[in-house]
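**Q**
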Amino acid sequence: MLALTVGSAGASAEESSDTLTKIKNTGTVTIGHRVSEPPFSYLVAGVATGYAVEICQRIVKDIAATLGKSDLRIEYVSVTSATRFVMVKSRRIDMECAATTNNAERRKMVAFSYPHFVTATRFVSLKSSNIRSISDLAGRSVAATTGTVNLDQLNAINRQRMLNISVLLNRENSDSFNLVTNGKASAFVMDDILLAGQIAASSKPDDYVISEETFSPPEPYGILLPLGDDAFKAVVNASLEKLFTSKDIQELYTKWFERPIPPLGQNMKLPMSPELKAVFSKPKEYLE
């Protein structure tokens with residue numbers, strides 16, 4: 128399903144990597160995170176947490192081992208869909224740990240690690256609205272989040288099918304979802320797993336339904352990294368390969384997708400898909 132090519136870590140990573148040199152000199156790894164993207168990257172009592180954040184915390188331990196610095200600190204910086212690429216390109220963060228789709232257009236600006244999740248674009252609506260297909264959205268108001276692949280896909284289908292959809296833009300996924308809850312939007316278009324997270328965190332999860340029809344084929348999430356810093360990417364990918372091919376990845380996945388998560392105890396109830404198991408069994412770089 129995914130077009131992949133093999134990558135590997137170089138032995139002289141430290142000498143050739145601007146990011147690793149910066150990290151060694153400052154003693155700090157700067158991680159970009161989201162404030163409202165459960166279960167991947169969000170805040171609990173003001174502290175960054177989530178599946179992607181925890182993966183990056185493990186990567187930092189391996190960076191420390193590579194550099195021989197056991198006292199590396201992590202500085203967390205909040206980013207949005209609109210600012211995450213600028214923050215990586217400007218080196219204000221060393222990596223972004225969230226739910227960010229890897230595609231060819233984005234790889235012109237930033238680099239991506241091996242995939243850590245696979246998802247597709249769908250929409251959520253209230254069951255009572257009886258909206259089941261993309262065609263049912265014709266002439267309606269639909270919410271989307273700025274700076275996302277999902278918005279581009281929604282706009283493309285809107286033009287191609289001449290659906291006359293009115294797109295309501297928001298900065299955060301939670302704001303887009305709330306428009307559906309409040310009846311101000313008929314649907315919210317986003318990655319299916321993030322829609323599931325919003326539903327699980329809502330007060331009435333049984334009120335919502337996620338579409339079966341997709342706006343896209345399945346696509347992977349990766350960790351955002353500086354473009355052109357192959358040595359840093361090699362260290363990150365070597366750390367991910369070690370995690371993904373160990374029993375730890377199933378334990379980590381179960382923790383965030385099959386058990387109650389903080390702060391409200393919502394449960395995604397989402398077993399690992401065969402597609403994701405295949406990605407983890409042979410970690411490779413996605414270049415489709």
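Going by my numbering, the final residue of the sequence shown carries number 415, and the count climbs one at a time with no gaps.
Cβ atoms here follow ideal geometry from the backbone N, Cα and C, with glycine treated the same way.
Note that the structure is predicted; figures quoted are calculated from it, not measured.
In angstroms, rounded to a whole number, what distance separates the CA positions of P398 and E385?
**A** When rounded, the distance between both Cα atoms is 6 Å.
**Q** Since K363 and I186 should fall inside the 8 Å C-beta cutoff, what is the C-beta to C-beta distance between them, to a whole number of angstroms?
**A** This sequence places Val at residue 363; Lys is not what is there. Going by Cβ atoms, the distance from V363 to I186 rounds to 6 Å, so yes, they are a contact pair.
**Q** Just mark K360 as buried or exposed, buried being the case when its beta carbon has 16 or more other beta carbons within 10 Å.
**A** Flag for K360 reads buried.
**Q** Tell me which residue opens and which closes the beta strand (DSSP E) that I186 is part of.
**A** Per DSSP, I186 belongs to no beta strand (DSSP E); it is in the alpha helix (DSSP H), Y178 to L194.
**Q** Taking the C-alpha atoms as reference points, what is the distance between N305 and A270?
**A** Going from the Cα of N305 to the Cα of A270 covers about 9 Å.
**Q** Using CA atoms only, rank isn't needed, just tell me which of T146, V276 and V206 is closest to A231.
**A** When only C-alpha atoms are compared, the closest one is V276.
**Q** Does the Cβ-Cβ distance between S338 and F250 come in under 9 Å?
**A** Going by C-beta atoms, S338 is nearer than 9 Å to F250.
**Q** Within the same chain, show all residues whose beta-carbon is closer than 7 Å to that of V162, passing over the 5 residues directly before and after it, in chain order.
**A** Here the set comprises Y169, L170 and S205.
**Q** Using 8 Å as the Cβ pair cut-off and three pairs as the minimum, do the stretch 208-218 and the stretch 315-323 touch?
**A** Counting Cβ pairs under 8 Å, fewer than three are found: no touch.
**Q** With contact counted as at least three CB pairs below 8 Å, one residue from each stretch, are the stretch 257-267 and the stretch 290-300 in contact?
**A** The stretch 257-267 is in contact with the stretch 290-300.
**Q** Starting from the C-beta of S313, find all residues in its chain whose C-beta is less than 7 Å away, skip the five residues before and the five after it, and write them out in chain order.
**A** The answer, listed in chain order, is S252, S256, I258, L264, R267, S268 and V269.
**Q** Measure the alpha-carbon distance for K151 versus D356 and round it to whole angstroms.
**A** Cα to Cα, K151 sits roughly 15 Å from D356.
**Q** Quick check on A226: buried or exposed, where buried means 16 or more other Cβ atoms within 10 Å of its Cβ?
**A** That one is buried.
**Q** For P344, which option in T228, S217, D198 and Y178 has the closest C-alpha, if you only look at C-alpha atoms?
**A** For P344, the nearest C-alpha among the options comes from T228.
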